[in-house]
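Inspection log for the structure reproduced underneath, given as structure tokens.
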Amino acid sequence: MRHFYLEAKPIKHNILSNLTTEALGYNGGTPGPSIIMRQGEWIYLTVENKTNHPTFVHVHGLPKPNSQNGAPAIEPATPRINPGESYTYKILCWKTGTFFYHSPEAFKMPQGLIGAFIVLPNNEETIPHHDYVLLVQQWEILSRYITSIL
């Protein structure tokens with residue numbers, strides 16, 4: 001069992017060298033930290049919400065019980081994490097692969113709440129020499145959120 005901590009909070013993010021915008025990030029940045037696990041390990045993923053809106057985290061593509069899915073619309077629902085609260089997800093990483101975690105709320109993922117989630121196989125011989133993660137996001141920037149243009 002391994003424990004990871006994500007803090008969702010407002011940040012300033014440089015989209016271009018001369019464009020800074022208000023965004024949301026995990027642990028002070030976007031994308032958030034890469035979470036790397038081994039097949040068969042349990043992860044306890046504690047998410048603290050320091051935004052002004054309820055949130056939750058969904059690990060996209062990794063099978064898990066609905067109660068740990070990070071999707072409140074699916075029963076039994078994962079609780080929303082209200083502002084100032086935290087929640088700990090408990091997930092068995094039984095499937096290998098490169099996945100991503102995000103807040104599936106419509107307005108949060110385009111604002112930066114996303115990160116890589118990798119489950120490596122137990123067999124050392126099957127691990128690649130290099131693993132590159134490319135996260136592509138669509139940014140929806142309203143002029144009121146732009147904080148600097150040089």
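So in UniProt numbering, spot 6 of the sequence shown is number 6, and the numbers just go up one at a time.
Cβ coordinates follow ideal geometry from the N, Cα and C atoms, glycine included.
Note that the coordinates shown come from a computational prediction; the quantities given were computed from them, not determined experimentally.
Between residue 60 and residue 99, which are expected to be in contact by the criterion C-beta below 8 Å, what is the C-beta distance as a whole number of angstroms?
6 Å
Per DSSP, what are the beta-bridge partners of residue 114 in this structure?
Beta-bridge pairing links residue 114 to 102.
Along the beta strand (DSSP E) that carries residue 56, what are the first and last residues, could you check?
From DSSP, residue 56 is part of no beta strand (DSSP E); its letter is neither H nor E.
Terminal residues of the continuous beta strand (DSSP E) containing residue 48?
41-49
Tell whether a beta-carbon distance below 8 Å holds between residue 23 and residue 137.
Not a contact, by the Cβ cut-off of 8 Å.
Inspect the beta-carbon positions of residue 85 and residue 27 and report whether they are closer than 8 Å.
It is not a contact, given that the beta carbons lie outside the stated cut-off.
For residue 92, write down the residues that DSSP places opposite it in a beta bridge.
42
Nearest-angstrom Cα distance between residue 13 and residue 51?
Distance between the alpha carbons of residue 13 and residue 51: 15 Å.
In the DSSP assignment, the beta strand (DSSP E) including residue 14 goes from what residue to what residue?
2-16
Roughly how many angstroms separate the alpha carbons of residue 36 and residue 1, rounded to a whole number?
13 Å
Whose CA, out of 42, 91 and 83, lies closest to the CA of residue 161?
Outside the shown range of the chain (1 to 150) lies residue 161, about which nothing can therefore be said.
One or two residues paired with residue 22 in a DSSP bridge:
Answer is 12.
Whole angstroms are fine: how far does the CA of residue 134 sit from the CA of residue 83?
30 Å
Same chain, Cβ closer than 7 Å to residue 150, five either side skipped, listed in chain order
Note that residue 150 scores 49 on pLDDT, short of 50, meaning its location in the model is unreliable; the coordinates nonetheless yield the value given after this. Within the same chain, residue 150 has close Cβ partners 18.
What residue from 116, 29, 139 and 80 has the CA that sits closest to residue 62's CA?
116
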